[in-house]
Amino acid sequence: MTTGDLLRVEGLTKAYPGVVANSDVSFAIKPGEVHALLGENGAGKSTLVKMIYGLVRPDHGRMLLRGAEYAPAEPRAARASGVAMVFQHFSLFEALNVAENVALGMENPPKLRELAGKIRQVSQDYGLPLDPSRMVGDLSAGERQRVEIIRCLLQDPKLLIMDEPTSVLTPQEVEILFQTLRQLSAEGTAILYISHKLEEIRALCDEATILRRGKVVATCTPRDRSAREMAELMVGTVLTPPARSGTAKGAVALEVAGLTVDSPIPFGTSLKNVSFKVQRGEVLGIAGVAGNGQDELLLALSGELRSGVDAVQIAGVGMGTAGPNERRRAGLVSAPEERLGHAAAPDMSLVENALLSGDTRKGLTRHGFIDWGKTRAFAEEIVKEFDVRTPGTWVAARALSGGNLQKFVVGRELSQAPSVIVINQPTWGVDASAAAAIRQAILDRAAEGAAVVVISQDLDELLEIADRFAALNEGRLSAPRPVQGLTIDEIGLMMGGAHGMEVAHGHA
Amino acid sequence: MMLGGINPAVLIASLMVAAVPIILAAIGELVVEKAGVLNLGVEGMMIMGAICGFAAAVATGSPLMGFVGGALGGAALSVIFALLTQFLMANQVATGLALTLFGLGLSSLIGQGYVGIKPPPTARLDLGPLSDIPVLGTILFRHDVMVYVSVAAVAVVWAVLRYTRTGLVLRAVGENHDAAHALGYHVIRIRFLAILFGGAMAGLGGAYLSLIRVPQWTDGITAGAGWIALAIVVFASWKPWRVLLGAYLFGGIAVLQLNLQAAGARIPVEYLSMSPYLITILVLVIMSADKSRAAAAAPAALGKNFHASR
Numbered sequence: 001m002t003t004g005d006l007l008r009v010e011g012l013t014k015a016y017p018g019v020v021a022n023s024d025v026s027f028a029i030k031p032g033e034v035h036a037l038l039g040e041n042g043a044g045k046s047t048l049v050k051m052i053y054g055l056v057r058p059d060h061g062r063m064l065l066r067g068a069e070y071a072p073a074e075p076r077a078a079r080a081s082g083v084a085m086v087f088q089h090f091s092l093f094e095a096l097n098v099a100e101n102v103a104l105g106m107e108n109p110p111k112l113r114e115l116a117g118k119i120r121q122v123s124q125d126y127g128l129p130l131d132p133s134r135m136v137g138d139l140s141a142g143e144r145q146r147v148e149i150i151r152c153l154l155q156d157p158k159l160l161i162m163d164e165p166t167s168v169l170t171p172q173e174v175e176i177l178f179q180t181l182r183q184l185s186a187e188g189t190a191i192l193y194i195s196h197k198l199e200e201i202r203a204l205c206d207e208a209t210i211l212r213r214g215k216v217v218a219t220c221t222p223r224d225r226s227a228r229e230m231a232e233l234m235v236g237t238v239l240t241p242p243a244r245s246g247t248a249k250g251a252v253a254l255e256v257a258g259l260t261v262d263s264p265i266p267f268g269t270s271l272k273n274v275s276f277k278v279q280r281g282e283v284l285g286i287a288g289v290a291g292n293g294q295d296e297l298l299l300a301l302s303g304e305l306r307s308g309v310d311a312v313q314i315a316g317v318g319m320g321t322a323g324p325n326e327r328r329r330a331g332l333v334s335a336p337e338e339r340l341g342h343a344a345a346p347d348m349s350l351v352e353n354a355l356l357s358g359d360t361r362k363g364l365t366r367h368g369f370i371d372w373g374k375t376r377a378f379a380e381e382i383v384k385e386f387d388v389r390t391p392g393t394w395v396a397a398r399a400l401s402g403g404n405l406q407k408f409v410v411g412r413e414l415s416q417a418p419s420v421i422v423i424n425q426p427t428w429g430v431d432a433s434a435a436a437a438i439r440q441a442i443l444d445r446a447a448e449g450a451a452v453v454v455i456s457q458d459l460d461e462l463l464e465i466a467d468r469f470a471a472l473n474e475g476r477l478s479a480p481r482p483v484q485g486l487t488i489d490e491i492g493l494m495m496g497g498a499h500g501m502e503v504a505h506g507h508a
Numbered sequence: 001m002m003l004g005g006i007n008p009a010v011l012i013a014s015l016m017v018a019a020v021p022i023i024l025a026a027i028g029e030l031v032v033e034k035a036g037v038l039n040l041g042v043e044g045m046m047i048m049g050a051i052c053g054f055a056a057a058v059a060t061g062s063p064l065m066g067f068v069g070g071a072l073g074g075a076a077l078s079v080i081f082a083l084l085t086q087f088l089m090a091n092q093v094a095t096g097l098a099l100t101l102f103g104l105g106l107s108s109l110i111g112q113g114y115v116g117i118k119p120p121p122t123a124r125l126d127l128g129p130l131s132d133i134p135v136l137g138t139i140l141f142r143h144d145v146m147v148y149v150s151v152a153a154v155a156v157v158w159a160v161l162r163y164t165r166t167g168l169v170l171r172a173v174g175e176n177h178d179a180a181h182a183l184g185y186h187v188i189r190i191r192f193l194a195i196l197f198g199g200a201m202a203g204l205g206g207a208y209l210s211l212i213r214v215p216q217w218t219d220g221i222t223a224g225a226g227w228i229a230l231a232i233v234v235f236a237s238w239k240p241w242r243v244l245l246g247a248y249l250f251g252g253i254a255v256l257q258l259n260l261q262a263a264g265a266r267i268p269v270e271y272l273s274m275s276p277y278l279i280t281i282l283v284l285v286i287m288s289a290d291k292s293r294a295a296a297a298a299p300a301a302l303g304k305n306f307h308a309s310r
């Protein structure tokens, strides 16, 4: 049926050099409908919504908005037609305040003082409290998202696109977001909801379109399907969860005691009195919403950020003032979140990248000269063991896909026979099968007797692999608790609860 | 009133004059950096403004046309920088340094026929009885028009950045070009225009040197003023009124140094000539000592090239 559809997408195709991002994609949304766009990273969801929002122009196909031809040349045109978008990586400006950020996303913003009043009004109506004069750089991730949502709501959109909105929220914040979205939908606003989190989609969405490698592989009503069915449609294969072997815990390999350091990152979060112990054979999962001190904790553990001598102890020896190489020598390896530029040098080959962190423990240099043969063998061993898909080890790190590079970076650290492993976001932006392989490898190292600290924003991942669980909130670490018997509600509270969000009120 | 052979009123008046080229160039560079572009070619654009302004004034006999020519000369050189960095994605630091060297060379080539010529004089602004107020009149009301233009330029840039949508968009582009692009702003176009503005302001500053301050053409007439202007932008933590403050501070040191020499202070001349640069270095070190604060004050996308590939 064509009539009654708010937006109709017919045969959209978009190709980039070397990859077809979208191929003949069609679907339709009715007014007030919450429509899910489901797919793995790289399935083409983002490209599709960028076409709807006018950021990317399709090669073929057409779009109809309320039955009329719709081809936005730029986001301005899309906004004028009533299409608004909340971005996955926020399109916010940290050094500007909330009102200025909102004004930048509007066509004809009123004077800043009037705008501040309107922001207060809308934030009241939808239960999204926000102070217009605060600097965005000082806001939590949940509050930043509110800025984006309010920016959209002020333009009275007919279609609201949300790109992975819950990846930065605590479970409580997610629940409040859903209430806001349901209120909007009841008022007749259609919502295009992009996610790969199946339970959320089952809880929220009326219809779902599933994308795989740029093609629509299925459409379904999420409430009628199980999460497992949808996962298999999305991934295209049957997934096996990682196997955990119950090994006995050994001596304490890493102890952090009263770690307090200032953040070296602008608008970063300082660590405040962080303490925990990890035994050999144990996986400690550290959760938390992005920007609550995860990056700083990794830096402080890896040695890039120094602290008091005894704040970080590896096998009982104070290493707080030691640099990364000394800590590597003592058995601690680390893999930061940012793959390109932090974990790997983008323009250097895999062999060179293997050398950069592997030299200390694998002895890849002799008298200051690089032993290329040994280094190449080390890189090849990583590629082989961790199933990194690459034409060869001479390829630049930048050329690998996110998932493959992540396998290489994690594999490089795990292959150094470490006694302590620290990983931040091990499977961020990695497809499901590669993620499963990385998690399995982490568990295998733990079974061999390594102490593992996994910092992640993916709760499911932590619950799957961690023995004990703690959460970072504004730079403070909650007391670690065994994963078994922990409920999602308790986890949410450890992560800081709803951060002062209120449930939607007003009309509704 | 005299202090150790120096009249404070005259000193302040002359530091205001000495600071004009730095203010103009620095306020232009501030706008460029607020848009997220680091143009180290200020010195080159200034000296191109100096020679183009000088040539235009000599050819037309009008100091006004001289300043127009100076602004055009500076802007023309900045177009090279804008094309290279914004469209061809050249490294901004390297391109800026090359621009300075190129500007110094080209200006001395153009200037060969102008050595020893006197430019048409610029009249002082006649402010009638205001000029006759004791002390205050000497300090504030006996200047040429460009002194007032330089202060007005600071006020205008401040107001535009703070109160207008144009200013907001400009700051947004310098803060996070990917987000600005996602919201539909034309990052490259805005930066291009900002670079042109910066070039024109630097050129104006250069023309002031060759037409009023010196006033004649010599090779290397800017003598590092462009570098001081760059330093002042950092010193001012990208705030317009602090640029004015900084420029008067540096102008003051330069003038004091000359006056001390004239008054026969028993310090070797070389130390005095070094002092403004030494203080520049000191101020930059102090400014960047607190890393997180320095980084927070700087436009976050400063010096990063933008490519709308994603």
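Those protein sequence lines, which keep their order, are chains A and B. When you line the first sequence up against the UniProt record's numbering, it's residues 1 to 508, in that order. When you line the second sequence up against the UniProt record's numbering, it's residues 1 to 310, in that order. Every residue gets a Cβ at the ideal spot worked out from N, C-alpha and C, and that includes glycine. Source: prediction; values computed, not measured.
Only counting the same chain, and skipping five residues up and downstream in sequence, which positions put a Cβ closer than 6 Å to that of B/MET16? Counting from one through the second sequence, the residue named residue 16 of chain B turns up at place 16. Cβ neighbours of B/MET16 beyond the five flanking positions: VAL147.
Is there a Cβ of chain E sitting closer than 8 Å to that of B/ARG171, yes or no? Among the protein chains in the structure shown, which are A and B, there is no chain E.
For chain A, check one thing: does any of its Cβ atoms lie closer than 8 Å to the Cβ of B/HIS307? In the second sequence, the residue the question calls residue 307 of chain B occupies position 307. No, its Cβ sits nowhere closer than 8 Å to a Cβ of chain A.
B/ALA182 to A/GLY54, Cα distance in whole Å? Residue numbering aside, residue 182 of chain B sits at position 182 when the second sequence is read from its first letter. Residue numbering aside, residue 54 of chain A sits at position 54 when the first sequence is read from its first letter. So the two alpha carbons sit approximately 9 Å from each other.
CB contact check: B/GLY184 to chain A, cutoff 8 Å: In the second sequence, counting from the first residue as 1, residue 184 of chain B sits at position 184. Chain A, which has a Cβ nearer than 8 Å to the Cβ of B/GLY184, makes this yes.
Bounding residues of the alpha helix (DSSP H) (the contiguous stretch that carries A/ILE161): By 1-based counting over the first sequence, the position of residue 161 of chain A is 161. A/ILE161 -> not in any alpha helix (DSSP H); beta strand (DSSP E) instead, spanning 159-163.
Between B/ALA35 and A/GLU94, which are expected to be in contact by the criterion C-beta below 8 Å, what is the C-beta distance as a whole number of angstroms? Sequence index remark: in the second sequence, residue 35 of chain B carries index 35 (1-based). Sequence index remark: in the first sequence, residue 94 of chain A carries index 94 (1-based). Actually they are not in contact, since the Cβ atoms of B/ALA35 and A/GLU94 sit about 17 Å apart, beyond 8 Å.
If we define contact as Cβ-Cβ less than 8 Å, is B/GLU175 a contact residue for chain A? Here residue 175 of chain B corresponds to residue number 175 of the second sequence, with the count starting at 1. Output row for B/GLU175: interface = yes.
Run through chain B and tell me which residues come within less than 8 Å of A/PRO129, C-beta to C-beta. On the first sequence, residue 129 of chain A is found 129 positions in, with the first residue counted as 1. Under the 8 Å cutoff, chain B gives no residues; its nearest Cβ is about 23 Å from A/PRO129.
Among all the DSSP beta bridges, which residues are the ones paired with A/SER349? Residue 349 of chain A sits at position 349 when you count from the first residue of the first sequence. Note: A/SER349 sits in a beta bridge opposite A/ALA396.
Within-8 Å CB hit, A/LEU340 to chain B: By one-based count along the first sequence, residue 340 of chain A stands at place 340. Taking Cβ atoms only, chain B never reaches closer than 8 Å to A/LEU340, which makes this a no.
Taking a contact to mean a Cβ-Cβ separation below 8 Å, would you say A/ILE161 touches A/VAL252 in this structure? Position 161 of the first sequence, counted from the first residue, corresponds to residue 161 of chain A. Position 252 of the first sequence, counted from the first residue, corresponds to residue 252 of chain A. No; because the gap between Cβ atoms is not below 8 Å, this pair is not in contact.
Going along the chain, which residues of the stretch 58-80 of chain A sit with their C-beta nearer than 7 Å to a C-beta in chain B? GLU74, PRO75 and ARG76
Starting from the beta carbon of B/ALA300, find every residue of chain A whose beta carbon is closer than 7 Å, and list them in chain order. For the purposes of this step, residue 300 of chain B is taken as the residue at position 300 of the second sequence. The contacting residues are GLU94 and ALA95.
Whole angstroms is fine: what's the gap from B/GLY66's alpha carbon to B/SER14's? The residue you call residue 66 of chain B lines up with position 66 of the second sequence. The residue you call residue 14 of chain B lines up with position 14 of the second sequence. B/GLY66 and B/SER14: Cα-Cα distance of roughly 22 Å.
Give me the Cβ distance between B/GLY226 and B/GLU33, rounded to the nearest whole Å; I'm assuming they're in contact under 8 Å. Indexing the second sequence from 1 puts residue 226 of chain B at position 226. Indexing the second sequence from 1 puts residue 33 of chain B at position 33. About 14 Å; that fails the 8 Å criterion.
What three-state label does DSSP hand A/MET1 in the structure shown? Indexing the first sequence from 1 puts residue 1 of chain A at position 1. With a pLDDT of only 44 at A/MET1, under 50, the local geometry of the prediction cannot be trusted, and the value read off the model is given with reservation. A/MET1 falls in the coil class under three-state DSSP.
Between B/GLY264 and B/GLY73, how many whole angstroms is the CB-CB distance? I'm expecting something under 8 Å. One-based indexing of the second sequence puts residue 264 of chain B at position 264. One-based indexing of the second sequence puts residue 73 of chain B at position 73. That pair is no contact at about 39 Å.
Please classify A/ARG8: does DSSP put it in a helix, a strand, or coil? For the purposes of this step, residue 8 of chain A is taken as residue 8 along the first sequence, with counting starting at 1. If DSSP states are grouped into helix, strand and coil, A/ARG8 belongs with the strands.
Please report the distance separating the alpha-carbon of B/LEU278 from that of A/MET106. Here residue 278 of chain B is taken as the residue at index 278 of the second sequence, counted from 1. Here residue 106 of chain A is taken as the residue at index 106 of the first sequence, counted from 1. Cα-Cα distance, rounded: 47 Å.
Outcome for B/GLY251 when other beta-carbon atoms lying within 10 angstroms are tallied against a minimum of 16: Here residue 251 of chain B refers to the residue found at position 251 when the second sequence is read from its first residue. Buried: at least 16 other Cβ atoms inside 10 Å.
Any C-beta of chain B sitting closer than 8 Å to the C-beta of A/ALA103? Looking up residue 103 of chain A in the first sequence gives position 103. Chain B contact via Cβ: present.
Going by CA-CA distance only, name the one from A/ILE149, A/ALA300 and A/VAL289 that's closest to A/PRO264. The count along the first sequence starts at 1 and reaches residue 264 of chain A at position 264. Among A/ILE149, A/ALA300 and A/VAL289, the Cα nearest to that of A/PRO264 belongs to A/ALA300.
Between which two residues does the beta strand (DSSP E) containing A/LYS272 stretch? Here residue 272 of chain A is taken as the residue at index 272 of the first sequence, counted from 1. From DSSP, the beta strand (DSSP E) with A/LYS272 extends over 271-279.
Going along the chain, which residues of its own chain have a beta-carbon closer than 8 Å to the beta-carbon of A/VAL174, five neighbours each way excluded? Locating residue 174 of chain A in the first sequence gives position 174, where the first residue counts as 1. Within the same chain, A/VAL174 has close Cβ partners THR166 and GLU200.
Count the CB pairs spanning the stretch 138-146 of chain A and the stretch 206-218 of chain B that are closer than 8 Å, and state whether there are at least three. no
Give the straight-line distance between the Cα atoms of A/LEU12 and A/SER415, rounded to the nearest whole angstrom. Taking the first residue of the first sequence as 1, we reach residue 12 of chain A at position 12. Taking the first residue of the first sequence as 1, we reach residue 415 of chain A at position 415. Cα-Cα distance, rounded: 44 Å.
From the DSSP output, in three-state form, read off A/ARG361 for me. By one-based count along the first sequence, residue 361 of chain A stands at place 361. Residue state, collapsed to three classes: helix.
Starting from the beta carbon of A/SER26, find every residue of chain B whose beta carbon is closer than 9 Å, and list them in chain order. Here residue 26 of chain A corresponds to residue number 26 of the first sequence, with the count starting at 1. Under the 9 Å cutoff, chain B gives no residues; its nearest Cβ is about 24 Å from A/SER26.
Apart from the five residues just before and just after B/LEU97, which ones in its own chain have a Cβ nearer than 6 Å to its Cβ? Position 97 of the second sequence holds residue 97 of chain B. If we look at B/LEU97 and ignore the five residues flanking it on each side, its Cβ neighbours are LEU40.
Per-residue burial, A/SER419 [other beta carbons within 10 Å of its own, 16 or more giving buried]: Translated into positions along the first sequence, residue 419 of chain A becomes position 419. So A/SER419 counts as buried.
I'd like to know whether the C-beta atoms of A/GLY411 and A/GLU380 end up nearer to each other than 8 Å. Your numbering for residue 411 of chain A matches position 411 in the first sequence. Your numbering for residue 380 of chain A matches position 380 in the first sequence. No. Outside cutoff.
Proximity test, Cβ basis, 8 Å: B/ALA179 and chain A: Here residue 179 of chain B corresponds to residue number 179 of the second sequence, with the count starting at 1. Yes - at least one Cβ of chain A is within 8 Å of the one on B/ALA179.
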